[in-house]
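Okay, structure first, notes after.
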Amino acid sequence: MELSKCIRCKGFYQRVKSLVCPKCEIEEEKEIFQVQQYMGDHPGSTLEQVSDALNIYLEDIDRWIEENRLHVEVKQISDKKEAVRKLYDTVKG
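Residue numbering for the sequence shown follows our numbering, beginning at 10 and increasing consecutively.
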(Lines of atoms letter the chains of each structure in order from A and count residues from 1; the text may use other names and numbers.)
(Lines give C-alpha, C1' and ligand atoms only; values in the text may rest on other atoms or scores of the structure.)
Protein backbone atom coordinates (compact mmCIF):
# COMPACT_ATOMS: atom_id res chain seq x y z
CA MET A 1 0.00 0.00 0.00
CA GLU A 2 1.16 3.47 -0.73
CA LEU A 3 0.84 6.60 1.39
CA SER A 4 -1.41 9.14 -0.33
CA LYS A 5 -2.76 12.61 0.36
CA CYS A 6 -6.56 12.86 0.54
CA ILE A 7 -7.92 15.20 -2.13
CA ARG A 8 -10.57 16.48 0.28
CA CYS A 9 -8.99 16.96 3.72
CA LYS A 10 -5.33 16.89 2.58
CA GLY A 11 -4.53 14.34 5.29
CA PHE A 12 -2.33 11.31 4.63
CA TYR A 13 -3.70 7.76 4.55
CA GLN A 14 -2.80 4.28 3.33
CA ARG A 15 -4.28 4.21 -0.16
CA VAL A 16 -6.02 1.10 -1.38
CA LYS A 17 -8.00 2.50 -4.31
CA SER A 18 -9.89 5.64 -3.30
CA LEU A 19 -8.60 9.18 -3.85
CA VAL A 20 -9.97 10.13 -0.43
CA CYS A 21 -9.21 8.89 3.08
CA PRO A 22 -11.65 6.52 4.82
CA LYS A 23 -13.17 9.37 6.88
CA CYS A 24 -13.82 11.50 3.79
CA GLU A 25 -15.10 8.45 1.90
CA ILE A 26 -17.87 8.10 4.50
CA GLU A 27 -18.76 11.78 4.01
CA GLU A 28 -18.76 11.32 0.25
CA GLU A 29 -21.14 8.37 0.50
CA LYS A 30 -23.55 10.60 2.44
CA GLU A 31 -23.23 13.32 -0.21
CA ILE A 32 -23.75 10.82 -3.04
CA PHE A 33 -26.96 9.70 -1.31
CA GLN A 34 -28.08 13.35 -1.06
CA VAL A 35 -27.38 13.86 -4.78
CA GLN A 36 -29.36 10.72 -5.67
CA GLN A 37 -32.31 11.87 -3.57
CA TYR A 38 -32.24 15.38 -5.04
CA MET A 39 -32.10 14.09 -8.61
CA GLY A 40 -34.98 11.74 -7.91
CA ASP A 41 -37.04 14.63 -6.53
CA HIS A 42 -35.96 17.09 -9.26
CA PRO A 43 -35.64 15.23 -12.57
CA GLY A 44 -34.35 17.46 -15.34
CA SER A 45 -31.97 19.35 -13.05
CA THR A 46 -28.53 20.15 -14.37
CA LEU A 47 -25.50 19.03 -12.42
CA GLU A 48 -24.80 22.69 -11.64
CA GLN A 49 -28.27 23.05 -10.13
CA VAL A 50 -27.72 19.94 -8.03
CA SER A 51 -24.33 21.24 -6.92
CA ASP A 52 -25.72 24.65 -5.97
CA ALA A 53 -28.77 23.27 -4.18
CA LEU A 54 -26.77 20.83 -2.05
CA ASN A 55 -23.61 22.92 -1.67
CA ILE A 56 -21.52 20.07 -3.10
CA TYR A 57 -18.64 20.77 -5.46
CA LEU A 58 -19.47 20.09 -9.11
CA GLU A 59 -16.02 18.55 -9.49
CA ASP A 60 -16.90 15.96 -6.84
CA ILE A 61 -20.15 15.06 -8.62
CA ASP A 62 -18.29 14.68 -11.92
CA ARG A 63 -15.65 12.51 -10.24
CA TRP A 64 -18.29 10.25 -8.67
CA ILE A 65 -19.87 9.75 -12.10
CA GLU A 66 -16.45 8.95 -13.62
CA GLU A 67 -15.70 6.53 -10.77
CA ASN A 68 -19.11 4.86 -11.30
CA ARG A 69 -20.10 5.71 -7.74
CA LEU A 70 -22.99 7.87 -8.95
CA HIS A 71 -25.13 6.55 -11.78
CA VAL A 72 -27.32 8.96 -13.69
CA GLU A 73 -29.19 9.13 -16.95
CA VAL A 74 -27.64 11.99 -18.83
CA LYS A 75 -28.13 13.74 -22.14
CA GLN A 76 -25.05 15.40 -23.51
CA ILE A 77 -25.58 19.03 -24.40
CA SER A 78 -23.66 20.49 -27.33
CA ASP A 79 -21.66 22.96 -25.25
CA LYS A 80 -20.31 20.80 -22.43
CA LYS A 81 -18.66 23.75 -20.71
CA GLU A 82 -21.90 25.72 -20.62
CA ALA A 83 -23.95 22.87 -19.22
CA VAL A 84 -21.99 19.75 -18.37
CA ARG A 85 -24.92 17.35 -18.46
CA LYS A 86 -28.69 17.55 -18.41
CA LEU A 87 -30.38 15.03 -16.16
CA TYR A 88 -33.67 13.63 -17.43
CA ASP A 89 -34.46 10.57 -15.40
CA THR A 90 -33.81 9.59 -11.85
CA VAL A 91 -30.65 7.83 -10.87
CA LYS A 92 -30.32 4.17 -11.64
CA GLY A 93 -29.63 3.32 -8.03
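All residues carry an ideal CB built from backbone N, CA and C; glycine is no exception.
Where do the N-terminal and C-terminal ends of the alpha helix (DSSP H) with residue i fall, by residue?
i, result
"residue 47", "31-50"
"residue 65", "Residue 65 -> no alpha helix (DSSP H), and no H or E assigned at all."
Does the distance from the C-beta atom of residue i to that of residue j stay below 8 Å?
i, j, result
"residue 63", "residue 47", "yes"
"residue 56", "residue 70", "yes"
"residue 21", "residue 14", "yes"
Quick check on residue i: buried or exposed, where buried means 16 or more other Cβ atoms within 10 Å of its Cβ?
i, result
"residue 35", "exposed"
"residue 44", "buried"
"residue 12", "exposed"
"residue 18", "exposed"
"residue 68", "exposed"
"residue 37", "buried"
Specify, as a first and last residue, the run of the beta strand (DSSP E) that residue i falls within.
i, result
"residue 11", "11-14"
"residue 24", "21-24"
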